[in-house]
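Chains as they are written, first to last, in the numbering used here: chain A, 8 to 286; chain B, 746 to 1014.
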């Protein structure tokens, strides 16, 4: 896919999100039954047994069916299912100044992405950008267009490390459970958020991703976060569908600090300025 | 590799900072030709594995970083000279502690050919239609298309460029165009323009040894193609590429704590 087109599209999306999100969050975001899910329904045990070959290869793009009107996707991590914070989690959340959502204040944002910190799971999985999966012996590789980040999931039978160094991406191992590819990740640092709204991630997080190819064109992803330092319960999200994009290629899109600042000054902050009279 | 690489890098930078002024005053002796002797060739068009360059720099005390060799650099064009003069590198005879303006100090993504030249491991993975390269430095990955597509006519300028590869006998030849001009070709501030045509030639001399030869054809910056001598890399079967991102806050903290103090010029200099 042409980078310029995609980038322009993403900027447009972001500007739209920024413009709309405060309105959206002011409304009662009731669970959306009106999610239009093309291809298959998310309760899919009724799908006629597809030839499941343990093959997740391809470029995947999430469906733009977010629960909040005007928000395209980004619901693989769903705010409506977020458990209560621990005191540590609450303090982190209160210190976060996101770019969007009800706690956004234009010009005061401190999202890690504004400093071009590398994005990591689970947030990078949740952002509305394509990723590619490549399977090679002993490993599944994921390539995210956003930030040009790549990630290794070990499938050679190794165990999770006992005492991993904290990292941006964590340490991931994966295995097949029937037709579902289950990825376990630990060893995160606590410098990133799990979503765009400032929900924290601690170094105690155990992330579980479950991938299932419902048919040739459809990948289901279900994310569970077990982070007892930040949340009082396990955060279990509903499944999220992704569409195969056979002709897309992951373009080069790095976060570069000068470009990020220039973009913030000319587009993001002006677009995010709250309407006059709005709190 | 985890943990080790940061230490290795740190030791390396300190060594360079301490040694470079003296090193550049000497004349380096060529070193890696000897290793190519007597290598049998059973060549299967397979470059897979984690590779690490031999620490045999042109300049004594500098480990490696000679796949792009200063000694064979052609004269600069006026555009190239202006860019070079504006560069304030971290290493080399023109380094001035505290005044450096290397792109990587702002965590710009590193790209070819400098990325290939830095003394850090990379992994090659071959899949259908593509060769993938994973660089520990900056956690950068790069794809080289081998599905027969031509180079694009008018590519958008990018940090990594657009790469296609093909086999010529036992040599894997990679052609890359479409670079932006925001990076340097090496650690000494030699510029890279958007007219660069980069050619990399990879040849597996034996199971454990990969030869890499780099040619930079950049008529906007250099008056002739820059042909560097072949550089040898060693297979490291027990290594895995660790996570090593450039992070601006960490980079600034490292600068203040280690790099700048270590780089303070001797009093008489």
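Cβ atoms here follow ideal geometry from the backbone N, Cα and C, with glycine treated the same way.
Alpha-carbon spacing of residue 40 (chain A) relative to residue 240 (chain A), whole angstroms: By one-based count along the first chain, residue 40 (chain A) stands at place 33. By one-based count along the first chain, residue 240 (chain A) stands at place 233. A caution first: residue 40 (chain A) carries a pLDDT of 38, below 50, which makes its placement in the model unreliable, though a value can still be read off. Each residue's alpha carbon lies about 25 Å from the other.
Coarse secondary structure for residue 813 (chain B), derived from DSSP in three states: In the second chain, counting from the first residue as 1, residue 813 (chain B) sits at position 68. DSSP places residue 813 (chain B) in coil when its eight states are reduced to three.
Residues of its chain near residue 885 (chain B), where Cβ-Cβ distance is below 7 Å and the 5 sequence neighbours each way are ignored: Counting from 1 along the second chain, the entry for residue 885 (chain B) is found at position 140. Closer than 7 Å at Cβ, skipping near neighbours: 854, 855 and 860.
Pairwise C-alpha distance: residue 810 (chain B) and residue 775 (chain B): Translated into the one-based positions of the second chain, residue 775 (chain B) becomes position 30. Translated into the one-based positions of the second chain, residue 810 (chain B) becomes position 65. For residue 775 (chain B), the predicted model reports a pLDDT of 39, less than 50, meaning its position is unreliable and no value from the coordinates is stated.
Backbone CA spacing between residue 903 (chain B) and residue 800 (chain B) [nearest angstrom]: On the second chain, residue 903 (chain B) is found 158 positions in, with the first residue counted as 1. On the second chain, residue 800 (chain B) is found 55 positions in, with the first residue counted as 1. When rounded, the distance between both Cα atoms is 30 Å.
Alpha carbon of residue 190 (chain A) to alpha carbon of residue 969 (chain B), nearest angstrom: Within the first chain, the letter at position 183 stands for residue 190 (chain A). Within the second chain, the letter at position 224 stands for residue 969 (chain B). Straight-line Cα distance between these residues: approximately 51 Å.
Closer than 8 Å to chain A by CB, residue 928 (chain B): Stepping through the second chain from its first residue, residue 928 (chain B) is reached at position 183. So, not an interface residue.
CA-to-CA distance, residue 266 (chain A) to residue 273 (chain A), given in whole angstroms: Against the first chain, residue 273 (chain A) aligns to sequence position 266. Against the first chain, residue 266 (chain A) aligns to sequence position 259. Approximately 11 Å between the Cα atoms of the pair.
Chain-ordered chain B contacts of residue 174 (chain A) [CB-CB under 9 Å]: As a first step, residue 174 (chain A) must be located in the first chain, where it is residue number 167. Neighbours of residue 174 (chain A) on chain B, chain order: 747, 987, 988 and 990.
Residue environment, residue 192 (chain A), which counts as buried when at least 16 other CB atoms sit within 10 Å: Walking along the first chain from the start, residue 192 (chain A) turns up at place 185. So residue 192 (chain A) counts as buried.
Under 7 Å from the C-beta of residue 993 (chain B): neighbouring residues of chain A: Locating residue 993 (chain B) in the second chain gives position 248, where the first residue counts as 1. Here the neighbours are 122, 123 and 264.
Buried versus exposed call for residue 226 (chain A) [16 or more other C-beta atoms within 10 Å across all chains shown]: By 1-based counting over the first chain, the position of residue 226 (chain A) is 219. Result: buried.
Reduced DSSP secondary structure (H/G/I, E/B, other) of residue 53 (chain A): Within the first chain, residue 53 (chain A) is the residue found at index 46, counting from 1. Because the pLDDT at residue 53 (chain A) is just 49, under 50, the model does not fix this residue reliably, and the value given afterwards should be weighed accordingly. Looking at residue 53 (chain A) - three-state DSSP - the assignment turns out to be coil, as it is neither helix nor strand.
Per DSSP, the bridge partner or partners of residue 956 (chain B): Within the second chain, the letter at position 211 stands for residue 956 (chain B). In the DSSP output, where bridge partners are listed per residue, residue 956 (chain B) has B:948 and B:977.
CA-to-CA distance, residue 881 (chain B) to residue 103 (chain A), given in whole angstroms: If you number the first chain from 1, residue 103 (chain A) lands on position 96. If you number the second chain from 1, residue 881 (chain B) lands on position 136. Rounded to whole angstroms, residue 103 (chain A) to residue 881 (chain B) spans 31 Å at the Cα level.
The segment 203-210 of chain A / the segment 61-72 of chain A touching (three or more Cβ pairs under 8 Å): no
Where the segment 238-262 of chain A meets chain B: residues whose CB sits under 7 Å from a CB there: 259 and 261
Buried versus exposed, by CB contacts within 10 Å (16 or more), residue 841 (chain B): The residue given as residue 841 (chain B) occupies position 96 in the second chain. By the 10 Å Cβ count, residue 841 (chain B) comes out exposed.
Chain B contacts made by the segment 194-220 of chain A, where a contact means CB separation under 7 Å: none
Inter-residue Cα distance where the pair is residue 835 (chain B) and residue 847 (chain B): Walking along the second chain from the start, residue 835 (chain B) turns up at place 90. Walking along the second chain from the start, residue 847 (chain B) turns up at place 102. Roughly 7 Å separates the two Cα atoms.
Any chain A beta carbon closer than 8 Å to residue 896 (chain B): Along the second chain, one-based indexing puts residue 896 (chain B) at 151. So, not an interface residue.
According to DSSP, residues forming a beta bridge with residue 936 (chain B): Taking the second chain and counting its residues from 1, the one referred to as residue 936 (chain B) is at position 191. DSSP lists B:929 as partners of residue 936 (chain B).
Min CB distance residue 886 (chain B) to chain A below 8 Å: Sequence index remark: in the second chain, residue 886 (chain B) carries index 141 (1-based). Chain A contact via Cβ: present.
Straight-line Cα distance separating residue 120 (chain A) from residue 174 (chain A): Here residue 174 (chain A) refers to the residue found at position 167 when the first chain is read from its first residue. Here residue 120 (chain A) refers to the residue found at position 113 when the first chain is read from its first residue. So the two alpha carbons sit approximately 16 Å from each other.
Continuous alpha helix (DSSP H) assignments of at least 4 residues falling wholly in the segment 837-876 of chain B: 859-862
is_contact[residue 50 (chain A), chain B] using C-beta, thresh 8 Å: Working through the first chain from its first residue, we reach residue 50 (chain A) at position 43. A caution first: residue 50 (chain A) carries a pLDDT of 42, below 50, which makes its placement in the model unreliable, though a value can still be read off. Not an interface residue.
Alpha-carbon to alpha-carbon, residue 876 (chain B) and residue 791 (chain B): Stepping through the second chain from its first residue, residue 791 (chain B) is reached at position 46. Stepping through the second chain from its first residue, residue 876 (chain B) is reached at position 131. Distance between the alpha carbons of residue 791 (chain B) and residue 876 (chain B) is about 10 Å.
First through last residue of the alpha helix (DSSP H) which encompasses residue 238 (chain A): Taking the first residue of the first chain as 1, we reach residue 238 (chain A) at position 231. No alpha helix (DSSP H) contains residue 238 (chain A), which DSSP labels as neither H nor E.
Straight-line Cα distance separating residue 88 (chain A) from residue 866 (chain B): For the purposes of this step, residue 866 (chain B) is identified with residue 121 of the second chain, where counting begins at 1. For the purposes of this step, residue 88 (chain A) is identified with residue 81 of the first chain, where counting begins at 1. Answer to the nearest angstrom: the Cα atoms are 42 Å apart.
Sheet register partners of residue 219 (chain A) (DSSP bridge): Counting from 1 along the first chain, the entry for residue 219 (chain A) is found at position 212. Paired residue(s): A:187 and A:227.
C-beta neighbour in chain A for residue 967 (chain B), strict 8 Å: Position 222 of the second chain, counting from 1, holds the residue named residue 967 (chain B). No, residue 967 (chain B) lies away from the interface with chain A (no Cβ there is under 8 Å from its Cβ).
CA-to-CA distance, residue 144 (chain A) to residue 182 (chain A), given in whole angstroms: Indexing the first chain from 1 puts residue 182 (chain A) at position 175. Indexing the first chain from 1 puts residue 144 (chain A) at position 137. So the alpha carbons of these two residues sit roughly 13 Å apart.
Within chain A, partners of residue 854 (chain B) - CB distance below 8 Å: Residue mapping note: residue 854 (chain B) aligns to position 109 of the second chain, counting from 1. Here the neighbours are 155, 261 and 263.
Beta bridge counterpart(s) of residue 916 (chain B) as assigned by DSSP: For the purposes of this step, residue 916 (chain B) is identified with residue 171 of the second chain, where counting begins at 1. Answer is B:913 and B:948, bridged to residue 916 (chain B).
Cβ of residue 889 (chain B) within 8 Å of any chain A Cβ: One-based indexing of the second chain puts residue 889 (chain B) at position 144. No - not a single Cβ of chain A is within 8 Å of the one on residue 889 (chain B).
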